[in-house]
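Just so you know, we're using this note's numbering here: the sequence shown kicks off at 33 and counts up by one.
A virtual CB, placed ideally from N, CA and C, is assigned to each residue, including glycine.
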Amino acid sequence: MKRNLILLFFVLLTAYSCKTRNVETITKTVVEYREVVRDSTVFIPADRATVSALLECDSLGNVYMKQIRTLQGKTSANANIVIRDNYITAECECDSVSIYLTMKDRYYSSDSSTFKTELKYVEKSLSWFQKLLQNLGIALAGIIITASVFGIFYFLRKLRIL
């Protein structure tokens, strides 16, 4: 019974020191949203206006505008047309325009990386009990070798070979 307990103790001690570790796999996903704010200027060039109108004279010889056929221009739609003393004057302000804008650019990036931790076997340092057993084994081996050498010499002397 005592012998079985000692054997069981050594088996459990050996099984505990030979335990393997689990391999871990770690997956890490990084999602990044980035906004870049930038200022921009949009220039609209100068515009020109064209007026086409039907002018007629009355019985006194004065010119008057009967009908405006076309009034063209992108930014100059408000033209002031005046007829005085048989002279026509068309006034229109057409200047270049610049508009300042603030724009946001959105960037999306996703990075997924997988890390696998590998087993790296590192020798454990021996416990005091294991060191004691190792030193006792070395001492016992030394005693056995010394005893066998002396036994061989004793046997050879008995046979009178040496």
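Note that the C-beta distance between Ser72 and Met135 is below 8 Å. Short of 7 Å from the beta carbon of Thr121, and not among the five residues preceding or following it, lie these beta carbons of its own chain, in chain order: Val114. The C-beta separation of Val62 from Asp137 comes to about 20 Å, leaving the pair out of contact by the 8 Å criterion. Here DSSP, grouped into helix, strand and coil, assigns Lys148 to strand.
Per DSSP, Arg192 lies in no alpha helix (DSSP H) segment and is marked neither H nor E.
C-alpha of Val74 to C-alpha of Lys98: approximately 40 Å in a straight line. Ser141 is positioned such that its CB atom lies closer than 8 Å to that of Glu64. In the structure shown, the three-state DSSP call for Lys98 is strand. For Glu67, the uninterrupted beta strand (DSSP E) run begins and ends at Thr57 to Ile76, by DSSP. Lys163 carries a helical assignment under DSSP once its states are collapsed to helix, strand and coil. Residue pairing from DSSP leaves Asn36 without any beta-bridge partner. DSSP, read as helix, strand or coil, puts Leu92 in coil.
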